[in-house]
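Everything in the sequence shown is counted per full-length UniProt numbering, starting at 1 for the first residue and increasing by one. Every residue gets a Cβ at the ideal spot worked out from N, C-alpha and C, and that includes glycine. Reading through the structure tokens given below for one structure.
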Amino acid sequence: MSSFKRKRVQLDESDEDEPAYGKQILPVANLPADFNDEPMDGMQYLFMVRRDARLLPGTVRVENPYEKPSPPVTEERFLESFAGPSQLPLESWRETFEYRFQNFRRNFNQPTIHVGAATPGPRGLMPDKKDRDMWWAFLSGQPESEWNPTKKAKNKSKRNPSALGSMCAWTEGNPQQDSSPSSPYNTSQQLDDEGEVEQVLKVSAAESLPSPAGTPVPLEYFEGLSQPSSTVSPPTSLLPEDKLTPREPTSILLKMIDERVALHLLMYFTHWINLYLKEPEPQQHLPTECHARWIFVLLSRIDDFISSDDLHLLRNLARACLALLGHIKKQQQTSSCKPPSKRMGENACWIIITTIAGVWKQRDLWMDAESILKKL
């Protein structure tokens, strides 16, 4: 019985027989490969049929009657199909960058000795992930009163005391002292004969002093308001963004940002870049180098394996950076003016594109980048 099984295994594992559909039941003659005589029996006929079947292609298709012949590949077309080092980053640099990015992400996410887990900070440390405008103010370096909804509501109620019923003094404990000399609104109302009280209400007198509420405002402030030639410095919350210091990403902030929040913020950056590309002249949503650093560290908070929707979000970010890269190169070719120093540059765009294309294996983005650069 054992010899029969061994013989059967040897027949099944024969190198001459290729795998076919179903099991072979009929016997096949063992003839040389160049046998070309008339088959004498069914065994020889099956041998010739199987031999000719091996020469046929495994898959066939119907010839397309509308197919056009492909153009001949010349040497120029062959060289144009490859991207030179001046167009795309070198392959060696991409591999090295991807390796170092993976190490950076592991080192940041791993637990540290003698340091506990990050505890959630106060509510006002960062805006809510759904407040896109608040996040722009937060990243631009605006004070907390501009991007924290709770403090913003308090400041509005303090700066608009007419909503409480009357123009009262700043001291909350003495609401009936309307004619108190320490009231900044009454004093300014006496100095301004034209009734322009709105200009005074824009500046919070109590916030301009380090002393407690109710302290009289310096007389120099009201003298500046009474003289039309003098200029009053606006509060910090109303300063333009070019005079603010952008808020840099720190380890404390990043420890409080999980993958969901990081993906949400990356979606905001994609939206802001697209808005800038639509209307680049006012520079209201100018992407800066600080924004590029935020995008880089936010990408480090995302896992290697994500859903298709999240991957689509990252691809949109990479395409937005590609469009920004093309916009920058067009400006360099057409305009002789110096671009803003704080604007996101080419290196930052390449780093973001390389991160998404390498870490999440989106290699087709390099073909998109090549096609965009060829059009310039």
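- Item | Whole-angstrom distance between Val49 and Asp37, CA atom to CA atom | Position 37 of the sequence shown, counted from the first residue, corresponds to residue 37. Position 49 of the sequence shown, counted from the first residue, corresponds to residue 49. Distance between the alpha carbons of Asp37 and Val49: 13 angstroms.
- Answer yes or no: do Trp350 and Pro89 have a C-beta to C-beta separation smaller than 8 angstroms? Within the sequence shown, the letter at position 350 stands for residue 350. Within the sequence shown, the letter at position 89 stands for residue 89. Yes.
- Proximity to Gly326 [Cα-Cα], best of Thr270, Arg315 and Leu376: One-based indexing of the sequence shown puts residue 326 at position 326. The shortest C-alpha separation from Gly326 is found at Leu376.
- Task: Return the residue from the list Pro280, Ala357, Leu324 and Glu281 that minimises the CA-CA distance to Asp304.
- Result: In the sequence shown, counting from the first residue as 1, residue 304 sits at position 304. Closest by alpha carbon: Ala357.
- Item | Buried versus exposed, by CB contacts within 10 Å (16 or more), Met134 | Against the sequence shown, residue 134 aligns to sequence position 134. With 16 or more neighbouring CB atoms inside 10 Å of its own CB, Met134 falls in the buried class.
- Go ahead and pull the three-state DSSP assignment for Arg132. Stepping through the sequence shown from its first residue, residue 132 is reached at position 132. In this structure, Arg132 counts as helix in the three-state DSSP scheme.
- For Thr96, which three-state DSSP category applies? Along the sequence shown, one-based indexing puts residue 96 at 96. Helix, per DSSP.
- Task: Give the secondary structure of Lys343 by DSSP, where H, G and I count as helix, E and B as strand, and everything else as coil.
- Result: For this step, residue 343 is matched to residue 343 along the sequence shown. Inspection of the sequence shows that residue 343 is occupied by Arg rather than by Lys. Residue state for Arg343 is assigned as strand, using DSSP reduced to three classes.
- Task: Give the straight-line distance between the Cα atoms of Ala53 and Met367, rounded to the nearest whole angstrom.
- Result: Position 53 of the sequence shown, counting from 1, holds the residue named residue 53. Position 367 of the sequence shown, counting from 1, holds the residue named residue 367. Rounded to the nearest whole angstrom, the CA to CA distance from Ala53 to Met367 is 41 angstroms.
- Query: Enumerated in chain order, which unbroken segments of the alpha helix (DSSP H) with a length of 4 residues or greater are wholly contained in the region 22-59?
  - Reply: Qualifying alpha helix (DSSP H) stretches, in chain order: 42-54.
- Could you check where the alpha helix (DSSP H) with Ser308 kicks off and where it finishes? Within the sequence shown, residue 308 is the residue found at index 308, counting from 1. Ser308 to Thr334 is the span of the alpha helix (DSSP H), which, as asked, contains Ser308.
- Burial state of His291, where buried means 16 or more other Cβ atoms lie within 10 Å: Reading the sequence shown from its first residue, position 291 is the one you call residue 291. Taking every protein chain shown into account, the CB of His291 has 16 or more other CB atoms within 10 angstroms, so this residue is buried.
- Apart from the five residues just before and just after Ala262, which ones in its own chain have a Cβ nearer than 8 angstroms to its Cβ? Start at 1 with the first residue of the sequence shown, and residue 262 comes out as number 262. Within the same chain, and ignoring the five residues on either side of Ala262 in sequence, the residues whose Cβ sits closer than 8 angstroms to its Cβ are Leu298, Leu299, Arg301 and Ile302.
- At a cut of 8 angstroms, does the region 255-270 reach the region 315-324 through at least three beta carbon pairs? Short answer: they touch.
- So, helix, strand or coil for Thr354, using DSSP? Locating residue 354 in the sequence shown gives position 354, where the first residue counts as 1. DSSP, read as helix, strand or coil, puts Thr354 in helix.
- Rounded distance between the beta-carbons of Met40 and residue 397, thought under 8 angstroms: Only positions 1 to 376 of the chain appear in this structure, which leaves residue 397 out of reach.
- Output the boundary residues of the alpha helix (DSSP H) element that contains His264. Sequence index remark: in the sequence shown, residue 264 carries index 264 (1-based). Unbroken alpha helix (DSSP H) run through His264: Glu259 to Lys278.
- Task: Answer with buried or exposed for Asn109, where buried requires no fewer than 16 other C-beta atoms within 10 angstroms of its C-beta.
- Result: Sequence index remark: in the sequence shown, residue 109 carries index 109 (1-based). Asn109 counts as exposed, since fewer than 16 other beta carbons sit within 10 angstroms of its beta carbon.
- Exposure label - Ala33; buried when at least 16 CB within 10 Å: What you label residue 33 is simply residue 33 of the sequence shown in a count that begins at 1. Exposed: under 16 other Cβ atoms inside 10 Å.
- Would Thr354 be called buried (16 or more neighbouring beta carbons within 10 Å of its own) or exposed? Residue mapping note: residue 354 aligns to position 354 of the sequence shown, counting from 1. Thr354 is buried by the Cβ-count criterion.
- Query: Thinking C-alpha only, which one of Leu254, Leu266 and Gln87 is nearest Lys130?
  - Reply: Residue mapping note: residue 130 aligns to position 130 of the sequence shown, counting from 1. Ranking Leu254, Leu266 and Gln87 by Cα distance to Lys130 puts Leu266 first.
- Message: Please identify the residue among Leu46, Glu281 and Thr96 whose C-alpha is closest to the C-alpha of Gln24.
- Response: As a position in the sequence shown, residue 24 is number 24, starting the count at 1. Comparing Cα-Cα distances from Gln24 to each of Leu46, Glu281 and Thr96, the minimum goes to Leu46.
- Query: Can you give the Cα-Cα distance for Ala29 and Phe35, rounded to whole angstroms?
  - Reply: If you number the sequence shown from 1, residue 29 lands on position 29. If you number the sequence shown from 1, residue 35 lands on position 35. Distance between the alpha carbons of Ala29 and Phe35 is about 11 angstroms.
- Item | Euclidean distance between Cα positions of Trp147 and Met344 | In the sequence shown, residue 147 corresponds to position 147, counting from 1. In the sequence shown, residue 344 corresponds to position 344, counting from 1. Cα-Cα distance, rounded: 23 angstroms.
- Message: Assuming Leu275 and His285 are in contact, meaning their beta carbons sit under 8 angstroms apart, how far apart are those beta carbons, in whole angstroms?
- Response: Counting from 1 along the sequence shown, the entry for residue 275 is found at position 275. Counting from 1 along the sequence shown, the entry for residue 285 is found at position 285. The Cβ separation is near 4 angstroms, so the contact holds.
- Backbone CA spacing between Glu98 and Ile257 [nearest angstrom]: As a first step, residue 98 is located in the sequence shown; it is residue number 98 there, counting from the start. As a first step, residue 257 is located in the sequence shown; it is residue number 257 there, counting from the start. So the alpha carbons of these two residues sit roughly 22 angstroms apart.
- Message: Which residue marks the beginning of the alpha helix (DSSP H) containing Trp294, and which one marks its end?
- Response: The sequence position of residue 294 within the sequence shown is 294, counting from 1. Trp294 -> alpha helix (DSSP H) spans Glu289 to Leu299.
- Query: Under 8 angstroms between the Cβ atoms of Leu139 and Pro287?
  - Reply: If you number the sequence shown from 1, residue 139 lands on position 139. If you number the sequence shown from 1, residue 287 lands on position 287. No. Outside cutoff.
- Using a threshold of 8 angstroms, state whether the C-beta atoms of Gln87 and Leu373 are closer than that. To locate residue 87, count along the sequence shown from 1; it is residue 87. To locate residue 373, count along the sequence shown from 1; it is residue 373. It is a contact, given that the beta carbons lie within the stated cut-off.
- Is it true that the CB of Phe296 sits closer than 8 angstroms to the CB of Ile252? On the sequence shown, position 252 is the one that residue 252 refers to. On the sequence shown, position 296 is the one that residue 296 refers to. No; because the gap between Cβ atoms is not below 8 angstroms, this pair is not in contact.
- Message: Closest to Leu244 by C-alpha separation, out of Lys329, Leu311 and Trp136, would be which residue?
- Response: Residue 244 sits at position 244 when you count from the first residue of the sequence shown. Selection Lys329, Leu311 and Trp136 evaluated against Leu244 yields Trp136 as nearest (Cα-Cα).
- Task: Enumerate in chain order the residues of its own chain whose CB-to-CB distance from Ala369 is below 7 angstroms, with the five nearest sequence positions on each side excluded.
- Result: Reading the sequence shown from its first residue, position 369 is the one you call residue 369. So the qualifying residues of the chain are Leu88, Leu322 and Ile353.
- Message: Please return the same chain residues whose Cβ sits closer than 7 angstroms to the Cβ of Thr334, not counting the five positions on each side in sequence.
- Response: Residue mapping note: residue 334 aligns to position 334 of the sequence shown, counting from 1. Taken in chain order, the list of residues that qualify is empty.
- Excluding sequence positions up to five away, which residues of its chain have a Cβ less than 7 angstroms from the Cβ of Thr63? As a working mapping, residue 63 is identified with position 63 in the sequence shown. Residue 63 is actually Glu in this sequence, not Thr. The answer is none, since no qualifying residue turns up.
- Which value, in whole angstroms, describes the spacing of the CA atoms of Arg315 and Gln102? Position 315 of the sequence shown, counted from the first residue, corresponds to residue 315. Position 102 of the sequence shown, counted from the first residue, corresponds to residue 102. Computed Cα separation, rounded: 19 angstroms.
- Could you give the distance in angstroms between the alpha-carbon of Lys330 and the alpha-carbon of Leu365? One-based indexing of the sequence shown puts residue 330 at position 330. One-based indexing of the sequence shown puts residue 365 at position 365. Going from the Cα of Lys330 to the Cα of Leu365 covers about 20 angstroms.
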